[in-house]
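A.B. asks: Sharing a structure here in structure tokens format.
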Amino acid sequence: MKMNIAVFLRIMLFISLSVMVYDYLKLEQSFIQMERGFIDGFSLYISPWPGLFVIITTILFLVANIVLVIIVWRNKNADKRSFLTFEYDVSDERAVGNTRKAVSHAFSILLIYSLLMIGSYMYIPNYFVDHIWYPLFTTASIPIVGLISYLIVYKVLQYK
Numbered sequence: 001m002k003m004n005i006a007v008f009l010r011i012m013l014f015i016s017l018s019v020m021v022y023d024y025l026k027l028e029q030s031f032i033q034m035e036r037g038f039i040d041g042f043s044l045y046i047s048p049w050p051g052l053f054v055i056i057t058t059i060l061f062l063v064a065n066i067v068l069v070i071i072v073w074r075n076k077n078a079d080k081r082s083f084l085t086f087e088y089d090v091s092d093e094r095a096v097g098n099t100r101k102a103v104s105h106a107f108s109i110l111l112i113y114s115l116l117m118i119g120s121y122m123y124i125p126n127y128f129v130d131h132i133w134y135p136l137f138t139t140a141s142i143p144i145v146g147l148i149s150y151l152i153v154y155k156v157l158q159y160k
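Quick note on numbering: the sequence shown equals residues 1 to 160 in full-length UniProt numbering.
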């Protein structure tokens, strides 16, 4: 369950940050269009929820990590060198081994997906004024795919 929560918090952090950056890019896009004479004026509503969501998710993530650091340092059987995140129990050697394998597989998937996403930029126009969402959200999807593939591989290894 901790694994699902950790991956969910990280994915929500990437999504909310992407939406927040998208709002900023829409504003910049409107200024560029006005500067070039395509439009005379504009109105834009920027929602406050992505920024609030980034702050809340970051606080939850930090609190969960601080609590786990305290628990791990009190546990005599835990391998403190293996402590990276709060997804798994560091006192369980099998979980540590599964994490190492899952990271290796997720990294391979991430490399392939990154190449596909970066290669897909060739098929969109160089003029991003009309398509600013595509490079932003495809770039933001790279760590999300990595996290999801890590979670899937870890769960498969856990139930093997």
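Glycine included, C-beta positions come from ideal geometry on N, C-alpha and C.
Could you tell me if residue 74 is buried or exposed, where buried requires 16 or more neighbouring beta carbons within 10 angstroms of its beta carbon?
C.D. replies: For the purposes of this step, residue 74 is taken as residue 74 along the sequence shown, with counting starting at 1. Exposed, since its Cβ has fewer than 16 Cβ neighbours within 10 Å.
A.B. asks: Whose C-beta lies closer than 8 Å to the C-beta of residue 117 among residues of the same chain, with five residues either side of it excluded?
C.D. replies: Along the sequence shown, read from residue 1 onward, the residue named residue 117 stands at position 117. Once the five neighbours on either side are set aside, the close Cβ partners of residue 117 are 138, 139, 141 and 142.
A.B. asks: Once the 5 residues before and after residue 145 are set aside, which same chain residues still bring their CB inside 6 Å of it?
C.D. replies: Your numbering for residue 145 matches position 145 in the sequence shown. So the list reads 113, once near-sequence residues are dropped.
A.B. asks: In the DSSP assignment, the alpha helix (DSSP H) including residue 113 goes from what residue to what residue?
C.D. replies: Mapped onto the sequence shown, residue 113 falls at position 113. That run of the alpha helix (DSSP H) goes 93-120.
A.B. asks: So, for residue 34: in the same chain, excluding its five sequence neighbours on each side, which residues have a beta-carbon less than 8 Å away from its beta-carbon?
C.D. replies: Stepping through the sequence shown from its first residue, residue 34 is reached at position 34. Only 40, 41 and 42 meet the Cβ criterion.
A.B. asks: For residue 136, which option in 55, 32 and 18 has the closest C-alpha, if you only look at C-alpha atoms?
C.D. replies: Stepping through the sequence shown from its first residue, residue 136 is reached at position 136. Among 55, 32 and 18, the Cα nearest to that of residue 136 is on 18.
A.B. asks: Does the distance from the C-beta atom of residue 54 to that of residue 13 stay below 9 Å?
C.D. replies: Residue numbering aside, residue 54 sits at position 54 when the sequence shown is read from its first letter. Residue numbering aside, residue 13 sits at position 13 when the sequence shown is read from its first letter. Result yes, Cβ atoms of residue 54 and residue 13 sit closer than 9 Å.
A.B. asks: State the start and end residues of the unbroken alpha helix (DSSP H) segment that holds residue 135.
C.D. replies: Taking the sequence shown and counting its residues from 1, one reaches residue 135 at position 135. Where residue 135 is concerned, the enclosing alpha helix (DSSP H) stretches over 133-158.
A.B. asks: If we require 4 or more residues per run, which alpha helix (DSSP H) segments fall completely within the region 21-87?
C.D. replies: As far as the region 21-87 is concerned, its whole alpha helix (DSSP H) runs of at least 4 residues are 49-74.
A.B. asks: So, under 8 Å CB-CB, residue 149 and residue 106 are touching, yes? Tell me the CB distance rounded to an integer number of Å.
C.D. replies: Taking the first residue of the sequence shown as position 1, residue 149 is located at position 149. Taking the first residue of the sequence shown as position 1, residue 106 is located at position 106. Confirmed, about 5 Å.
A.B. asks: Going by the CB atoms, is the gap between residue 104 and residue 50 shorter than 9 Å?
C.D. replies: Translated into the one-based positions of the sequence shown, residue 50 becomes position 50. Translated into the one-based positions of the sequence shown, residue 104 becomes position 104. Cβ atoms of residue 50 and residue 104: not closer than 9 Å.
A.B. asks: Given that a residue counts as buried once 16 or more other Cβ atoms are within 10 Å of its Cβ, and exposed if not, what is residue 4?
C.D. replies: For the purposes of this step, residue 4 is taken as the residue at position 4 of the sequence shown. It is exposed - the Cβ of residue 4 has fewer than 16 other Cβ atoms within 10 Å.
A.B. asks: Determine the burial state of residue 10: buried for a count of at least 16 other Cβ atoms within 10 Å of its Cβ, exposed for fewer.
C.D. replies: As a first step, residue 10 must be located in the sequence shown, where it is residue number 10. It is buried - the Cβ of residue 10 has at least 16 other Cβ atoms within 10 Å.
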